[in-house]
Amino acid sequence: MDNQLIGTELSGNLEKLKAAFAHSSDIIFREFKVGNGQKGLLIFVDGLINMKLIDEDVLQPLIAFASQSPQSLKQLESLVSERVITAAQISTGTEIAGLIDHVLSGDTALLLDGLAEALFIGAREWDSRAVSEPATEAVIRGPREGFTENLRTNTSLIRRRLKTPHLKMESMKVGRLSKTDIVISYLDNLADSSIVAEVRDRIRKVDIDAILESGYIEELIGDSPYSMFPLLMTTERPDKVAGCLLEGKVAIITDNTPFVLIVPMTFYGMLQASEDYYEKFLFMTAVRWLRFLSMIIALLLPSVYIALLTFELEMIPTNLVYSIAAGRETVPFPALVEAFLMEVSFEALREAGVRLPRPIGQSVSIVGGLVIGQAAVQAGLVSAPLVIVVSLTGIASFIIPNYSHAITIRLLRFPIMILAGTLGFYGVLIGVLFLLSHMCRLRSFGTPYLSPIAPLRFGDLKDVLIRAPWWRMSYRPEGSTPGNQRRLGNQTKGNPSKP
1 MDNQLIGTEL
11 SGNLEKLKAA
21 FAHSSDIIFR
31 EFKVGNGQKG
41 LLIFVDGLIN
51 MKLIDEDVLQ
61 PLIAFASQSP
71 QSLKQLESLV
81 SERVITAAQI
91 STGTEIAGLI
101 DHVLSGDTAL
111 LLDGLAEALF
121 IGAREWDSRA
131 VSEPATEAVI
141 RGPREGFTEN
151 LRTNTSLIRR
161 RLKTPHLKME
171 SMKVGRLSKT
181 DIVISYLDNL
191 ADSSIVAEVR
201 DRIRKVDIDA
211 ILESGYIEEL
221 IGDSPYSMFP
231 LLMTTERPDK
241 VAGCLLEGKV
251 AIITDNTPFV
261 LIVPMTFYGM
271 LQASEDYYEK
281 FLFMTAVRWL
291 RFLSMIIALL
301 LPSVYIALLT
311 FELEMIPTNL
321 VYSIAAGRET
331 VPFPALVEAF
341 LMEVSFEALR
351 EAGVRLPRPI
361 GQSVSIVGGL
371 VIGQAAVQAG
381 LVSAPLVIVV
391 SLTGIASFII
401 PNYSHAITIR
411 LLRFPIMILA
421 GTLGFYGVLI
431 GVLFLLSHMC
441 RLRSFGTPYL
451 SPIAPLRFGD
461 LKDVLIRAPW
471 WRMSYRPEGS
481 TPGNQRRLGN
491 QTKGNPSKP
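Under the UniProt record's numbering, the residues of the sequence shown are numbered 1 to 499, in order.
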């Protein structure tokens, strides 16, 4: 159907379209006659349109239309689109391929005999999930709204929070078969134009048959594809997206998924939550320290345990050594193998709890962990101290707010455990140095992954390890916005000045 134009004969157009939509029971062809006797045809997908709107604003006015003998067919088309059809959104097209794309996207196509052009009527409507609280980013204080699988619902949730003409929503289609709608959202007076252009260019270069979820886009446009660290942030929260847009970042909204991508992103941004800015800054600073500590525990605690038992027993207090030795007396495995057995079992239970239905999954993960841990200790397969270590590690990994970042920490734990079991604390140090050097080389759309610490920017440190009060954060992050950095006025509490 490429490059084929719509003909003037309605019967020929109908034959081509029925051939294109053969064996498609959901494609409806509604033939009718306009009030003046001219033949017409409506084409739409059952389930993707508002039938009531099509009946009342399109079909009934056309059938009741009494022609005033227009001088040309072009005049008839103008008369129909301007005076007869009362639907709000109308566009035109002259190609068969374009007509098919519009129909499959949810528009209704109108063809009139004698006109080599189609009218596309916007009357899209389909069943969708209601706006509800995000399951993966729950908060104690803050909005309870989360994105849905409907693209326009998601863009409206952002537009409600940023009522400014500077908020731009650029639409694109990606996927040869899926033709998935993607929207690039940014504030044109805050976002770096070079980053916006880079995002736009990378998405345009994506050549794939279908985009079913934003994860496709994340993997296809991200930097350093072999790195385990997430270089694009995903979120279900409109308030989080709005906050990132206000810092000069760019959001990528994909149809059919509630997860929105945010670029560029840094390592420290993954440890921040939208709730950090809704509570008192002293409380949230303490919570951030807890998150950093939890991340270190989730990454290194099993490795430290293995290194101590394998190479550095003299560093453990004597009474504690006796207690650990008594617990390990019947364990037949070295510390490394023992830790691997427990960690793999714990991760399997956690994954099972996620995949099973929610009521069953919670029972499996909690009861399974208790039963298997207790049974393993009684059977002498693992020691009780290791069960405590694995439990603390699992709890610490749950505190990391970003799911992709938490998965990365959970997986990186295993190679560091191997290094600890073979080289002791030297192995742990080698693993940590390798990770730091790797992160120093990473870039997210040109932004250093460890900024603002590497490279160091003192002005941005007030929102990294701590959450400074709002009157001390009068300027946006330096690395995100090349201009218009001030966000608080001089009359705000504390009379802030740029540090």
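For glycine and all other residues, C-beta sits at the position ideal for the given N, C-alpha and C.
Short Cβ contact (9 Å threshold) for residue i with residue j
i, j, result
"residue 229", "residue 439", "yes"
"residue 137", "residue 291", "no"
"residue 308", "residue 245", "no"
"residue 339", "residue 305", "yes"
"residue 43", "residue 29", "yes"
"residue 195", "residue 250", "yes"
"residue 247", "residue 113", "no"
"residue 46", "residue 27", "yes"
"residue 120", "residue 93", "yes"
"residue 278", "residue 142", "yes"
"residue 154", "residue 253", "yes"
"residue 425", "residue 283", "no"
"residue 234", "residue 211", "no"
"residue 104", "residue 41", "no"
"residue 399", "residue 275", "no"
"residue 53", "residue 123", "yes"
"residue 59", "residue 32", "yes"
Cα-Cα separation between residue i and residue j, rounded to whole angstroms
i, j, result
"residue 410", "residue 99", "49 Å"
"residue 128", "residue 148", "8 Å"
"residue 353", "residue 395", "15 Å"
"residue 391", "residue 448", "34 Å"
"residue 242", "residue 397", "27 Å"
"residue 496", "residue 266", "Low per-residue confidence applies at residue 496: pLDDT is 49, beneath 50, and the placement is therefore not dependable enough to give any value."
"residue 484", "residue 164", "15 Å"
"residue 199", "residue 427", "39 Å"
"residue 301", "residue 406", "15 Å"
"residue 173", "residue 455", "37 Å"
"residue 71", "residue 38", "In this predicted model, residue 71 has a pLDDT of only 46, less than 50, meaning its place in the structure is not dependable enough to derive any value."
"residue 24", "residue 457", "59 Å"
"residue 132", "residue 125", "19 Å"
"residue 444", "residue 330", "50 Å"
"residue 262", "residue 486", "22 Å"
"residue 116", "residue 34", "17 Å"
"residue 56", "residue 102", "21 Å"
Three-state secondary structure (DSSP) of residue i
i, result
"residue 347", "helix"
"residue 135", "coil"
"residue 71", "Residue confidence for residue 71 is low, a pLDDT of 46 falling below 50, so the modelled location carries little weight; the figure read from the coordinates is stated next. Note: residue 71 maps to coil in three-state DSSP."
"residue 32", "strand"
"residue 398", "helix"
"residue 381", "coil"
"residue 393", "helix"
"residue 172", "strand"
"residue 180", "strand"
"residue 499", "The predicted position of residue 499 is uncertain, since its pLDDT is 47 and thus under 50; a value taken from the coordinates is nonetheless stated next. Looking at residue 499 - three-state DSSP - the assignment turns out to be coil, as it is neither helix nor strand."
"residue 159", "helix"
"residue 59", "helix"
"residue 355", "helix"
"residue 430", "helix"
"residue 124", "strand"
"residue 322", "helix"
"residue 118", "strand"
"residue 340", "helix"
"residue 388", "helix"
"residue 371", "helix"
"residue 40", "strand"
"residue 331", "coil"
Where the alpha helix (DSSP H) through residue i begins and ends
i, result
"residue 101", "96–104"
"residue 15", "10–20"
"residue 403", "403–423"
"residue 53", "51–54"
"residue 108", "Residue 108 -> not in any alpha helix (DSSP H); beta strand (DSSP E) instead, spanning 108–112."
"residue 217", "214–221"
"residue 196", "193–204"
Minimum Cβ-Cβ distance from residue i to chain C less than 9 Å
i, result
"residue 197", "Of the protein chains in this structure there is only one, and it is not chain C."
Residue i: first and last residue of the uninterrupted beta strand (DSSP E) it sits in
i, result
"residue 92", "89–93"
"residue 85", "No beta strand (DSSP E) contains residue 85, which DSSP labels as neither H nor E."
"residue 140", "Premise fails: residue 140 is in no beta strand (DSSP E) and is neither H nor E."
TODO: Any chance you could list the alpha helix (DSSP H) runs of at least 4 consecutive residues sitting entirely within the segment 233–317, in chain order?
DONE: 238–245 and 281–310
- [ ] List in chain order: all unbroken alpha helix (DSSP H) runs of 4+ residues lying wholly within the segment 436–485.
- [x] DSSP runs (the alpha helix (DSSP H)) wholly in the segment 436–485: none.
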